[in-house]
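Scroll down for the structure; my scribbles are underneath it.
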Amino acid sequence: MRVPKQRFRIKFSFFQRQFLSHLLVALLVLGLLGSAFTYFAKHRIIYKNKGEELVASTRAIARILQREDNPTPSLSTFRSLLNERSISVVLMSRSGELLEKESNMMAQAIRNKQTLDSLRKQLWSVRNDQTFVIGKETAEPLMVAARIVKQKGKKEETVLFAVSPVRGLSETIAGMDRVIYYSMGAALVFTLIVVFLLSRGMGKAVRTLRKAAGSIADGQYEARIVMKRTDELGDLARDFNAMADQLQQSSEKLALAETNRRQFLSDVSHELRTPLTSVRGIVEALKTGIVTPEERQKAYGIIEKETIRLIRLINELLDIEKMQTGQITLHKGDYLATDILEIVAETLEVLAAQKKLKLQVECPDRLVWHGDYDRLIQIAMNVVKNAIQFSEFGTIRLIASETDDRTIIEIIDQGMGITPEERERIFDRFYKTDPSRSKEKGETGLGLFIVKQLTEAHGGGVDADSEPGLGTTFRLSFPKRPHADSDADDPERHANGAGGDGT
């Protein structure tokens with residue numbers, strides 16, 4: 001089996017990559033700028049200025065030679081000025097003969113054999129105002145400016161050379177080079193500091209992001225990034241925090257949903273087990289055949305009661321499942337509130353009379369209640385049945401009123417009331433303020449939960465106001481049909497449940 005070759009790779013951290021890349025770019029830029037400036041300083045400033053000075057000197061001397069019969073005195077004066085600038089003048093015939101002689105030290109140094117030989121090579125190729133450098137054959141480089149001169153009184157053309165050592169220029173250039181190198185060094189040090197700080201800051205930000213991402217991956221959704229940067233990394237940190245917020249909320253919702261699911265299964269199991277256990281015990285007693293006829297009739301009544309309770313529980317569970325999965329459809333319409341409340345009162349009148357309670361409907365004749373007809377009756381029925389269950393005397397009032405955009409239904413009893421702690425939970429699934437009383441009446445603890453779910457499905461809300469011993473007021477709020485959606489339908493036409501908009 002052939003083992004693949006493993007390539008050797010150097011692993012750099014984010015900080016190292018950023019630092020090296022920024023440093024290389026900075027070095028490249030500094031090198032290019034330094035080289036360009038050095039070249040420009042040498043060739044465009046120093047050499048050019050010196051060349052222009054030499055050309056100007058040749059022009060001035062040429063005018064003297066062309067104008068005067070005896071130019072020696074004028075040349076001597078002019079040469080003394082040029083000597084101060086380290087410029088020497090060489091006048092040479094086309095044949096290569098040296099026509100002027102100087103006695104100063106610089107002139108003697110320039111007029112050595114090698115220098116003169118270099119100048120003689122240029123005699124027939126020079127042009128006016130031409131500048132060039134000689135130095136391959138001489139002790140030191142020289143800059144030369146040449147001009148062809150026609151002297152007064154002479155037929156033969158002569159060539160005038162203005163010569164200056166490059167030594168002074170080299171020293172000037174070397175000084176400029178030192179300044180440039182020192183400046184580049186200082187700039188490099190400054191660049192190193194800036195690049196280091198920038199790279200370290202970016203590396204720290206990336207490490208912070210990586211640490212927070214690792215925490216999120218481990219399920220620690222409370223991890224957040226504290227970063228005050230205003231660049232893209234800062235935007236990334238803020239987006240990360242927003243994502244973490246969403247994940248934390250989703251995690252909390254999932255945990256709550258799982259808790260609710262387990263609690264729901266536990267509650268349903270308990271609610272189903274209780275009547276089934278009761279029925280099973282009665283059936284076993286009946287099977288023995290030792291019960292009296294009176295006890296047998298009583299047992300049949302208990303079985304019937306528990307069966308009805310199971311059917312009600314299953315129907316309510318099916319309703320809850322439809323509401324929570326969005327499978328319930330509301331066929332909304334405009335109905336007279338007084339008709340719905342009268343139906344509820346008539347239906348529960350016998351149940352209320354068993355406890356010597358009175359049901360009283362208080363509603364304006366033309367007050368409209370917008371919603372699903374059957375569900376509105378179910379909502380009112382559940383609330384009134386709850387009021388009957390927890391009342392021992394007095395009157396239960398069913399009151400309807402309205403605001404500009406809401407229909408308000410209030411169910412007011414004179415029962416035992418509920419505590420503030422219980423008021424927070426009465427709309428929870430399977431919650432019972434008095435379990436013994438609920439069991440006696442066959443209640444499941446789902447009635448008010450269904451009321452809340454159906455009311456909210458209509459876009460409304462429900463709350464309870466109660467004090468122990470002073471009764472309870474349930475207040476239901478339903479939105480009216482939007483004006484743009486209203487039509488000429490007569491609410492009385494829907495009094496018996498006909499019609500609806502199917503929303």
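Using full-length UniProt numbering, the first residue of the sequence shown is number 1, and each one after it goes up by one. Where is the CB? At the ideal position from N, CA and C, for every residue including glycine.
- The C-alpha of residue 348 lies about 7 Å from the C-alpha of residue 385.
- In this structure, the alpha-carbon of residue 23 lies about 41 Å from that of residue 142.
- Where residue 398 is concerned, the enclosing beta strand (DSSP E) starts and stops at 395 to 402.
- With contact defined as three or more Cβ pairs closer than 8 Å, the region 385 to 400 and the region 356 to 370 are in contact.
- Of the candidates 406, 339 and 390, 339 places its Cα closest to the Cα of residue 377.
- Around the beta carbon of residue 124, fewer than 16 other beta carbons lie within 10 angstroms, which makes this residue exposed.
- Relative to residue 420, the option among 292, 468, 28 and 256 whose CA is nearest is 468.
- Listed in chain order, the beta strand (DSSP E) elements of length 3 or more contained wholly in the region 230 to 276 amount to none.
- With a cutoff of 8 Å on beta-carbon distance, residue 308 and residue 279 are scored as not near each other.
- The distance from the Cβ of residue 344 to that of residue 451 is about 13 Å, inconsistent with a contact at the 8 Å cut-off.
- With contacts defined as CB atoms closer than 8 Å, residue 464 and residue 455 fail to qualify as a contacting pair.
- The continuous beta strand (DSSP E) containing residue 142 extends over residues 142 to 149.
- DSSP places residue 420 inside the alpha helix (DSSP H), whose first and last residues are 420 to 423.
- Checking the DSSP bridge columns, you'll see residue 304 has no partner listed.
- Rounded to whole angstroms, residue 64 and residue 81 show a C-alpha spacing of 15 Å.
- Ranked by Cα distance from residue 91, the first of 389, 116 and 85 is 116.
- Taking a contact to require three or more Cβ pairs closer than 8 Å, the region 223 to 236 and the region 186 to 200 do not qualify as touching.
- Minimum Cα-Cα distance from residue 85 among the listed residues 332, 57 and 26 corresponds to 57.
- In the displayed model, residue 293 falls within a helix according to three-state DSSP.
- Contact between residue 322 and residue 372 does not hold, since their C-beta atoms are separated by about 13 Å, which reaches or exceeds 8 Å.
- Taking C-beta separations shorter than 7 Å and ignoring five residues to either side along the sequence, the partners of residue 195 in its chain run 19, 22, 23 and 26, following chain order.
- For residue 427, there is no enclosing beta strand (DSSP E), as DSSP marks it with neither H nor E.
- Within 10 angstroms of the beta-carbon of residue 364 lie fewer than 16 other beta-carbons, which makes it exposed.
- If you check the CB distance, residue 89 and residue 146 do not come in under 8 Å.
- For residue 131, the three-state secondary structure derived from DSSP is strand.
- The alpha-carbon separation between residue 52 and residue 191 amounts to approximately 39 Å.
- Residue 411 places its beta carbon less than 8 Å from that of residue 474.
- Beta-carbon to beta-carbon, residue 407 and residue 287 are separated by about 55 Å, too far to satisfy the 8 Å threshold.
- Rounded to the nearest angstrom, the gap between the Cα atoms of residue 388 and residue 211 is 60 Å.
- With respect to the 8 Å criterion, residue 275 and residue 294 are not classified as neighbours on the basis of their beta carbons.
- In the DSSP secondary-structure assignment, residue 334 is bridged to 370.
- Residue 319 has its alpha-carbon roughly 11 Å from the corresponding atom of residue 326.
- Closest by C-alpha distance to residue 209, out of 244, 181 and 298, is 244.
- Bounds of the beta strand (DSSP E) holding residue 475 are 472 to 479.
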